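*Asks:* Quick note on our numbering: the sequence shown kicks off at 260 and runs consecutively.
Beta carbons: idealized from backbone N, C-alpha and C, even for Gly.
Note that the structure is predicted; figures quoted are calculated from it, not measured.
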Amino acid sequence: MIIYTTKVQDINSFYRLQSLKVVYGIIWMFVPILTLVLGITIGVLIIVWLEREISAGIQQCIGSEYVDPLGILQALADGTKLLFKENILSSRGNTRLFNIGPSIAVISILLSFSVIPFSSRLILK
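(1) Output the distance between the C-alpha atoms of T339 and N346, rounded to the nearest integer angstrom.
(2) Let me know the secondary structure DSSP gives I347 once reduced to three states.
(3) Can you tell me whether N358 is helix, strand or coil according to DSSP?
(4) Which class does L370 belong to by DSSP, given the choice of helix, strand or coil?
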C-alpha cells in the first residue's frame, strides 16, 4: 500500500480548516455585540460633546476644546473625577442601600441587553 504525502497533507490541512471555521464562527458571533456596544459608546460621547459645545455657546464662554483636542477627553476626566469623589451620607441614611444602588442600576442595564438577538447562532438560555 502506497500513501502519497500530498494526500496526507491535504487531509491535515482540511482538519485545520475545520477547526478554524469554529474559531471564525465564535469571532463572528461576537462582532454584532461589539459593534452595538461600540456604537452606543461613540454615540454617548458625541452627545456629551455636543451638549458641552452648545452649553458653552449659550453661556458665551470658552468650551472644553481647550482642555484637549476637540474636548473629547473631558468626559473621561469627568468620569474619573466622579469615581474619586467623596461619598456623603446623611446621618439617617441607609448605607447599605446607598452602596448597592449603583450596582442595581448597572445590573438592570446589562440585563436589558439579554433580550436583544445579536445573532441567529447566539441563543441565551
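*Replies:* The structure says:
(1) Position 80 of the sequence shown, counted from the start, is the residue given in the question as residue 339. Position 87 of the sequence shown, counted from the start, is the residue given in the question as residue 346. In a straight line, the C-alpha of T339 is about 14 Å away from that of N346.
(2) As a working note, residue 347 is residue 88 in the sequence shown. If DSSP states are grouped into helix, strand and coil, I347 belongs with coil.
(3) Along the sequence shown, read from residue 1 onward, the residue named residue 358 stands at position 99. Correct three-state label for N358: helix.
(4) Against the sequence shown, residue 370 aligns to sequence position 111. Helix, per DSSP.
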